[in-house]
Structure formats: structure tokens, C-alpha cells
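To start, the structure under review is shown below, and the notes come after it.
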Amino acid sequence: MKRSALWVTIAGAILMTIMAASGATAKPGSTKKSSFGKTPDGEAVDLYTLANKNGVEVAITTYGGSVVSLKVPDRSGRLDDVVLGFASVDGYENNTSYIGALIGRYGNRIGHAQFKLDGKTYTLAKNNGENTLHGGTKGFNKAVWTAKEIPAKDGQALELTYLSKDDEEGFPGNLHVRVVYTLEDSNALEIEYSATTDKDTVINLTNHSYFNLAGPGSGDVLGHLLMIKADRFTPVDSGLIPTGELRDVAGTPFDFRKPTEIGSRINSDDEQIKLGGGYDHNFVLNRKAGEPISLAARVVEPKTGRVLEVWTTEPGVQFYTGNFLDGTLKGKAGISYTKRSAFCLETQHFPDSPNKPEFPSTELKPGQRYHTTTIYKFSAEK
Ligand code: GLA
């Protein structure tokens, strides 16, 4: 082989490696499966890259059903990755911040790591002070899900399934969970969650993607403009467990009914802001009766014009400003994930609902089907 040909081969191999690591491998209108590594137990983990007809791409790994990357256009059509994520399975094993992952069996916190159901007390793991966070020690974010490409009416779809066995992390009932991610040609990522159980249980599923609409390595998200369609939020105690009150947002730093910079009140002298170390609160969405799915939040990034709208069938959304990110986690392309370098809008039932009979119920019984939908819609403003 000539020297020049050898260099072309080497450069090609390097390029392929970079593309595989960033998941940038699917042709428009197709889905591509590749290896994402192995768990320490030797279980194979895959990466599915779904590309819609516009070339918008989402990469999803079977490890935790996590969204690894999501490339959407800015106002000039330039694609950039707008979510935090890791280049391989090892990153997800050390993912203490639940970046991109599916969360279950119960998203957010259950107070004192226990709840009562049908007169029986269930004891869970205390993995967040005195409380249970995001399903316990080994939540759905650490499971290897079974994946299947399925036909979509519009765009590309991936089905993920997982059986959470009776008593897993202390929760009752064999829970069959199905999550379908659809990347639509309208540049929307739809997540449809469903589940059935064989014993009375509680369930609250979500996705924990961290967004920065300005793209990777672009600093903090404090200049993003946020609107949340909520007149009330659920104030918390020092363990971030809701007190039970539904508090009016008017006159507080939690009033996002009109588009407001995320950073404009994030350091204010407010008891709830201090308890959260910024925003880490559940908002009570203003859903209209009979509306099948409602707009929950809208975010605009002024420099790039990128817009994210969150639509959901759920009653709440956890707005979290990455207060616990401290630069320790290193993501794709070696970027350190620093405080407030991303935000989360986790659609959900309210935290600690199993201990709060006044909140919308999270109970699921045999014969019933849990079914919720959340859509992340992307566009750009001039
Ligand atoms: C949720 C919680 C936060 C934090 C993150 C993950 O948003 O409410 O307190 O635990 O998850 O780091």
C-alpha cells in the first residue's frame, strides 16, 4: 500500500470511530444499530441512531434507555447536539446525575423511603439522605432494556421493554414496562410510556434528559428564556420532599407564566430557591379538562434561536437547573458537566405522591394500564 493510501485508510478509521462515538451514523429516514460496549457483567449494550427525513438525529442506548445525543437545527439550519450524554456505556454506569436516562419505578423522591399501600408498608432504599430518589439503588436507569425497531406512522420509532420483577427495589408487583421513542419528521421526539402490573403498585416514569439548546460546551443555560404553564408549584422541605402545599407562583421566582430568563431570579433570597440550590421543583401544570395532551413548557435560546416545547399528558413537571452538576462528570467530546450547564424538564406525577393522598394518584392495579405521553418539539425562531 502506498503511504498516501495508508493515511487515507487511517484517517477514515479515525473518522468512523469519532462518528460511532457521537452516534452520527444514520442516513436520513433510517435507523442504525451499533455496539455501545458491555456492562461489567459482560452484557452487550447497543446504541440505536434514529434519523428523520430532515437529518435530525437521536441516539438512544439500551443502557437505561438513555438519550445519548439529539441533534437539531438552529435558525440557520445548523445541527447541534442539545443534550448532555456519554460516549460509551461506562459513562452511563458512573452517571450519578441520571443524565438522559429513563427513570422508574418512581421518578423523583419518596419521603422516608417508604409508603403504605392497601394497609401494608413498603420499605425502599435510602439513596438520597433519608429518602428514595428515582427508583432506588438500581433504578430503571441502570437496567439494560430490550430494544426493537418498530414501524412509525411518521418518522422512526424504537420500542424498549423491561420487566421490573416483584419486590425489585422493594416495589410490589411484576411490572411490564414499554417505552416507545419516536423521532417524528416534524422534529419532535415523542416518548410514550406504558405499563401493567400483577399486584397493586405505584409508578411514575419519566426521562431525565439535560438540555442546553446552545449546543455542547456553550456554558450555562441561565440566558435561556423559559415559560412554564403553571400557576402553582409544590414547595419542598430541606430533603426536597413536597410539604403538600400547592403554592401560587405569583410574586415568587417560580412565576414562569411569561417567558423569563432562567438565571434572572436563580440566586434570589427566597427560601425555596435556597432549599433547591436553584430550581429543583415540581410545577403543577395548568391542564385544560378534556385536552388529550397539553403544552407544559417552552424554552427559547436567543443566540441560536432554538426552541423546545414540552407537551405532556402528565400533571406535573420537575424543573431542575443542574444544581448538583459540579464538573466531575465528563461527557461526550471530553466536556465537563458543570453547575447549571443544562436544565431538565422531567414530566411526572408529583414527588412523594404515594404518601400524599391529596396529590393525583400514582397507583396502578392489575387489569389497568399505565399510559402517558411526553413530546419534546424542536423548532427555531428568527
Ligand atoms: C431530579 C431531582 C434533583 C436531582 C436530579 C438528579 O431532578 O429532583 O434533586 O437529584 O434529579 O441529579
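Residue numbers (this note's numbering): 64 to 445.
The C-beta atom is built at its ideal place from N, Cα and C for all residues, glycine as well.
Would you decide whether residue i is buried or exposed? Buried here means 16 or more other CB atoms lie within 10 Å of its CB.
| i | result |
| --- | --- |
| residue 429 | exposed |
| residue 219 | buried |
| residue 298 | buried |
| residue 213 | exposed |
| residue 106 | exposed |
| residue 395 | buried |
| residue 122 | buried |
| residue 445 | exposed |
| residue 141 | exposed |
| residue 313 | exposed |
| residue 365 | exposed |
| residue 330 | exposed |
| residue 322 | exposed |
| residue 384 | buried |
| residue 148 | buried |
| residue 415 | buried |
| residue 446 | An answer regarding residue 446 cannot be provided, because it is not within the stretch 64 to 445 covered by the chain. |
Below 8 Å on the Cβ atoms is my contact criterion, and I expect residue i with residue j to pass it. Report the Cβ-Cβ distance as a whole number of Å.
| i | j | result |
| --- | --- | --- |
| residue 233 | residue 169 | The Cβ separation is near 10 Å, so there is no contact. |
| residue 280 | residue 398 | 5 Å |
| residue 292 | residue 215 | Going by Cβ atoms, the distance from residue 292 to residue 215 rounds to 28 Å, so no, they are not a contact pair. |
| residue 236 | residue 260 | 4 Å |
| residue 153 | residue 100 | 7 Å |
| residue 348 | residue 379 | 6 Å |
| residue 386 | residue 343 | 6 Å |
Quick check: what's the CA-CA separation for residue i versus residue j?
| i | j | result |
| --- | --- | --- |
| residue 438 | residue 146 | 15 Å |
| residue 302 | residue 193 | 8 Å |
| residue 179 | residue 417 | 7 Å |
| residue 412 | residue 422 | 8 Å |
| residue 306 | residue 300 | 6 Å |
| residue 327 | residue 102 | 42 Å |
| residue 87 | residue 284 | Residue placement at residue 87 cannot be trusted, given a pLDDT of 49 that sits under 50; what the coordinates show is reported in the next sentence. Computed Cα separation, rounded: 25 Å. |
| residue 183 | residue 362 | 42 Å |
| residue 135 | residue 388 | 24 Å |
| residue 339 | residue 163 | 21 Å |
| residue 175 | residue 346 | 22 Å |
| residue 403 | residue 177 | 31 Å |
| residue 245 | residue 116 | 13 Å |
| residue 124 | residue 262 | 30 Å |
| residue 229 | residue 354 | 34 Å |
| residue 431 | residue 308 | 29 Å |
| residue 120 | residue 97 | 15 Å |
| residue 290 | residue 181 | 39 Å |
| residue 207 | residue 128 | 7 Å |
| residue 211 | residue 391 | 34 Å |
| residue 341 | residue 419 | 24 Å |
| residue 92 | residue 249 | 12 Å |
| residue 425 | residue 221 | 26 Å |
| residue 382 | residue 197 | 15 Å |
| residue 85 | residue 188 | For residue 85, the predicted model reports a pLDDT of 46, less than 50, meaning its position is unreliable and no value from the coordinates is stated. |
| residue 159 | residue 356 | 31 Å |
| residue 369 | residue 282 | 16 Å |
| residue 89 | residue 238 | 33 Å |
| residue 104 | residue 151 | 15 Å |
| residue 108 | residue 241 | 18 Å |
| residue 400 | residue 350 | 34 Å |
| residue 118 | residue 155 | 26 Å |
I'd like to check one pair, residue j with residue i: are the Cβ atoms closer than 7 Å?
| i | j | result |
| --- | --- | --- |
| residue 269 | residue 336 | no |
| residue 324 | residue 288 | yes |
| residue 266 | residue 172 | no |
| residue 310 | residue 319 | no |
| residue 138 | residue 443 | yes |
| residue 258 | residue 126 | no |
| residue 190 | residue 161 | no |
| residue 94 | residue 110 | no |
| residue 440 | residue 251 | yes |
| residue 367 | residue 410 | no |
| residue 209 | residue 224 | yes |
| residue 427 | residue 315 | no |
| residue 274 | residue 405 | yes |
| residue 231 | residue 243 | no |
| residue 132 | residue 143 | no |
| residue 435 | residue 372 | no |
| residue 130 | residue 227 | no |
| residue 247 | residue 294 | no |
Measure from the C-beta of residue i to each C-beta in chain B and report whether the shortest distance is under 7 Å.
| i | result |
| --- | --- |
| residue 285 | Included in the structure is just one protein chain, with no chain B present. |
Can you check the region 346-394 for any beta strand (DSSP E) of at least 3 residues that lies completely inside it and give the ranges in chain order?
357-363, 369-375, 379-383
Restricting to runs no shorter than 3 residues, where is the beta strand (DSSP E) found entirely within the region 158-203?
177-180, 183-186
Where in the region 211-261 do unbroken runs of the beta strand (DSSP E), each at least 3 residues long, occur, reported from the N-terminal end onward?
219-227, 238-246, 251-260
What are the uninterrupted segments assigned as alpha helix (DSSP H) that are 4 or more residues long and contained completely in the region 290-337, given in chain order?
none
Restricting to runs no shorter than 3 residues, where is the beta strand (DSSP E) found entirely within the region 397-431?
407-411
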